[in-house]
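Protein sequence lines correspond, in order, to chains A and B. For what it's worth, UniProt numbering labels the leading residue of the first sequence as 1, then goes sequentially. For what it's worth, UniProt numbering labels the leading residue of the second sequence as 1, then goes sequentially. In this text, a Cβ means the ideal position worked out from N, Cα and C, and glycines have one as well. Here the structure is a predicted model, which is why all the values come from computation and not from measurement. Take a look at the structure set out below.
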Amino acid sequence: MPPILKVYAIALSVPLARVTDMASSSSPEQTRSLAWVVRAVKDWVERCGKVWVEAQVIELNRRSGPTQFLTLRDVDEEISVTATCHRRVLDAAGPVESGMTVTALLRPTVWSRTGRLSFECSEIRPSGEGQLLAQLERRRRLLEAEGLFDSGLHRPLPLLPKGIGLITGAHSDAERDVIRNATLRWPAVRFVVRNTLVQGAHAVEQILPALADLDADPSVDVIVIARGGGSLEDLLPFSDEALIRAVHAARTPVVSAIGHEADNPILDLVADLRASTPTDAGKRIVPDVAEELAGLHEATSRIRQSVTARITTEQSWLDSMRSRPVMVDPTATLDIASERLEATLARLRLATDRALETESREIDHQLRSVRAMSPKATLDRGYAVLADAGGASVGSVEATRDGARLDVYLSDGTLGVTVDSVRPGGPSTPVATPQKGSTTS
Amino acid sequence: MTDQNQETAQDQVAGEPEIGYEQARDELVEVVRRLESGGTSLAETMTLWERGEKLAAICQTWLDGARRRIEDARAASENINDNTDRQA
Numbered sequence: 001m002p003p004i005l006k007v008y009a010i011a012l013s014v015p016l017a018r019v020t021d022m023a024s025s026s027s028p029e030q031t032r033s034l035a036w037v038v039r040a041v042k043d044w045v046e047r048c049g050k051v052w053v054e055a056q057v058i059e060l061n062r063r064s065g066p067t068q069f070l071t072l073r074d075v076d077e078e079i080s081v082t083a084t085c086h087r088r089v090l091d092a093a094g095p096v097e098s099g100m101t102v103t104a105l106l107r108p109t110v111w112s113r114t115g116r117l118s119f120e121c122s123e124i125r126p127s128g129e130g131q132l133l134a135q136l137e138r139r140r141r142l143l144e145a146e147g148l149f150d151s152g153l154h155r156p157l158p159l160l161p162k163g164i165g166l167i168t169g170a171h172s173d174a175e176r177d178v179i180r181n182a183t184l185r186w187p188a189v190r191f192v193v194r195n196t197l198v199q200g201a202h203a204v205e206q207i208l209p210a211l212a213d214l215d216a217d218p219s220v221d222v223i224v225i226a227r228g229g230g231s232l233e234d235l236l237p238f239s240d241e242a243l244i245r246a247v248h249a250a251r252t253p254v255v256s257a258i259g260h261e262a263d264n265p266i267l268d269l270v271a272d273l274r275a276s277t278p279t280d281a282g283k284r285i286v287p288d289v290a291e292e293l294a295g296l297h298e299a300t301s302r303i304r305q306s307v308t309a310r311i312t313t314e315q316s317w318l319d320s321m322r323s324r325p326v327m328v329d330p331t332a333t334l335d336i337a338s339e340r341l342e343a344t345l346a347r348l349r350l351a352t353d354r355a356l357e358t359e360s361r362e363i364d365h366q367l368r369s370v371r372a373m374s375p376k377a378t379l380d381r382g383y384a385v386l387a388d389a390g391g392a393s394v395g396s397v398e399a400t401r402d403g404a405r406l407d408v409y410l411s412d413g414t415l416g417v418t419v420d421s422v423r424p425g426g427p428s429t430p431v432a433t434p435q436k437g438s439t440t441s
Numbered sequence: 001m002t003d004q005n006q007e008t009a010q011d012q013v014a015g016e017p018e019i020g021y022e023q024a025r026d027e028l029v030e031v032v033r034r035l036e037s038g039g040t041s042l043a044e045t046m047t048l049w050e051r052g053e054k055l056a057a058i059c060q061t062w063l064d065g066a067r068r069r070i071e072d073a074r075a076a077s078e079n080i081n082d083n084t085d086r087q088a
């Protein structure tokens, strides 16, 4: 008989006797209702109480409600049962997953409506590896509550480290993979290697001083802690609380490069960068020189294109401004002013000409008037003007004497004459109007 | 832009307090707008035009300087690349 059923057989030995009595007194004439039978069985089964069993979790469906369902299988035999538990039970147990062996506190029960046997689970404890995982989970939660895994605390890795500290096993694949992959990408990379144990009870004792030594080295910009995978137990040093706190306290960025299948060591959570394997770490701690050069050329080219395009745009704009008519030919404005000036000047000249003409006519008129009244007009009519030697006009016979020298002014010249005789009184006979050119005697 | 024009531009800039490209450009836009809108006296027109020429020269000096700097940077980077290739 399977062990789990032996437990129930012992627990149910007293009620089973009563079931036997019930069966012996039963006949087609003396029947019981099905509900009565199910209730009786339920009553008998539940008297069994709680019992600790060791079993393997083969199916676990986490639901949104409080009740969770899981299927447990006997460790040795092909017997499996359905169990229910409250979500709090699973949460308290730590990381319970399919395939894990657990110790569970079960209470058998019968579903009244279906008559199916089921088990209520009130406590689960991981056993073996499961127990180890539960311990690690408790540690993880404790450290997380302290804020050691806050993403804001993660320091950025330098783009190109001066020196890389490497903590790993001596002559290990992990050491070779980190160095080879980093060197392929950036040939000038420099490593400061500290070989330590990477599993077992004494590993942390060696890793801690190596970490402190590299953290204090000013030539080291980044520290890689590497190991090439292993079992859960092998990887325990990388979940050690002292190591986790030391990595958290380190000033130099730390890369976790622990190869593992499923169970992340706690180091992954506190490290500034988590690499999936040592090979991955080698690729992520240094840039690829070819990629960087290509990126640099592309960036330079794009910058130049951008600046050149901007200058070309601005030059086109400036050329368009300079080609505006007002800028190309400022004389256009001057031409307008010049035309206005010429028009005004023409008007000025016209007005001046008119004024001169008017004045000229007036002067001619005045000149004619003056000329009409001048002695010359009289002379032109044949008269003469007499003047003595002193130039005084002789207008009377009394103004001269015999023998006096006189000048006779005619229209076309002057005569010098001597007075022969002086005869006062008007002429005895009228003098005829002299003709031009005649002389007065 | 000829060397002579460039000298002129630099002469014009010389007496100018530090004036940025954008400032010169914006002022040039305003000068051209005022010239095109008309309604200014002859003296104002000539003053505006002279200012416009000066601002255009300032802008041109900036652009020429920018081009020269790009060419210098290119030449410098080509020298570095040549040296790197030789060392390799």
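For residue i, which of helix, strand or coil comes out of DSSP?
| i | result |
| --- | --- |
| Pro108(A) | strand |
| Cys59(B) | helix |
| Tyr383(A) | coil |
| Leu296(A) | helix |
| Arg125(A) | strand |
| Asn264(A) | coil |
| His154(A) | coil |
| Val394(A) | coil |
| Asp74(A) | strand |
| Val96(A) | coil |
| Ala174(A) | helix |
| Phe119(A) | strand |
| Ala257(A) | strand |
| Arg322(A) | helix |
| Pro424(A) | coil |
| Phe238(A) | helix |
| Asp388(A) | strand |
| Arg190(A) | coil |
| Leu148(A) | coil |
With a 10 Å radius around its C-beta and 16 neighbouring C-beta atoms as the bar for buried, classify residue i as buried or exposed.
| i | result |
| --- | --- |
| Gln23(B) | exposed |
| Ser256(A) | buried |
| Glu78(B) | exposed |
| Ala290(A) | exposed |
| Asp353(A) | exposed |
| Arg177(A) | The displayed chain sequence assigns Asp, not Arg, to residue 177(A). Asp177(A) comes out buried. |
| Ala373(A) | Before going on, a small fix: residue 373(A) reads as Met here, not Ala. So Met373(A) counts as exposed. |
| Ile336(A) | exposed |
| Leu345(A) | exposed |
| Gly152(A) | exposed |
| Gly395(A) | exposed |
| Asn61(A) | exposed |
Are any of the Cβ atoms in chain B nearer than 7 Å to that of residue i?
| i | result |
| --- | --- |
| residue 486(A) | The question about residue 486(A) has no answer, for chain A in this structure spans 1 to 441. |
| Leu318(A) | yes |
| Val326(A) | yes |
| Ile303(A) | no |
| Gln315(A) | yes |
| Pro330(A) | yes |
| Met100(A) | no |
| Ile336(A) | no |
| Met321(A) | yes |
| Ile167(A) | no |
| Ile311(A) | yes |
Residue i bridges to which residues according to DSSP?
| i | result |
| --- | --- |
| Glu54(A) | Thr103(A) |
| Gly416(A) | Asp407(A) |
| Leu232(A) | Beta-bridge pairing links Leu232(A) to no other residue. |
| Ala201(A) | Paired residue(s): none; Ala201(A) is not in a bridge. |
| Phe69(A) | Asn61(A) and Thr84(A) |
| Asn79(B) | Its beta-bridge partners do not exist; DSSP assigns none. |
| Pro224(A) | The amino acid at residue 224(A) is misidentified as Pro; the sequence shows Val. According to DSSP, which records beta bridges pairwise, Val224(A) is partnered with Leu166(A) and Val255(A). |
Are the C-beta atoms of residue i and some chain A residue less than 7 Å apart?
| i | result |
| --- | --- |
| residue 100(B) | Residue 100(B) is absent from the model: chain B starts at 1 and stops at 88. |
| Ala24(B) | no |
| Ala66(B) | yes |
| Gly52(B) | yes |
| Glu36(B) | yes |
| Asp3(B) | Because Asp3(B) sits at a pLDDT of 41, beneath the cut-off of 50, its placement in the model cannot be relied upon, and the point is left open. |
Cβ closer than 8 Å: which chain D residues qualify as neighbours of residue i?
| i | result |
| --- | --- |
| Val307(A) | Although the question refers to chain D, the structure presented lacks it and instead comprises the protein chains A and B. |
Q: Would you check if there are 3 or more beta carbon pairs closer than 8 Å linking the segment 36 to 49 of chain A to the segment 107 to 118 of chain A?
A: yes
(Q) Across the segment 34 to 51 of chain B and the segment 320 to 327 of chain A, are there enough close Cβ pairs to call them in contact, namely three or more that are closer than 8 Å? (A) yes
Q) Taking contact to mean at least 3 C-beta pairs separated by less than 8 Å, is the segment 44 to 59 of chain A in contact with the segment 91 to 102 of chain A? A) yes
**Q.** At least three beta-carbon pairs within less than 8 Å, the segment 217 to 232 of chain A to the segment 162 to 178 of chain A
**A.** yes
(Q) With three or more beta-carbon pairs closer than 8 Å as the criterion, would you say the segment 230 to 242 of chain A touches the segment 188 to 201 of chain A? (A) yes
Q. Can we say the segment 210 to 227 of chain A touches the segment 157 to 167 of chain A, given the rule of at least three CB pairs closer than 8 Å?
A. yes
**Q.** Sufficient close CB pairs (3 or more, under 8 Å) joining the segment 204 to 211 of chain A to the segment 135 to 149 of chain A
**A.** no
Q. Hey, is the segment 42 to 57 of chain B in contact with the segment 277 to 288 of chain A, meaning 3+ C-beta pairs nearer than 8 Å?
A. no
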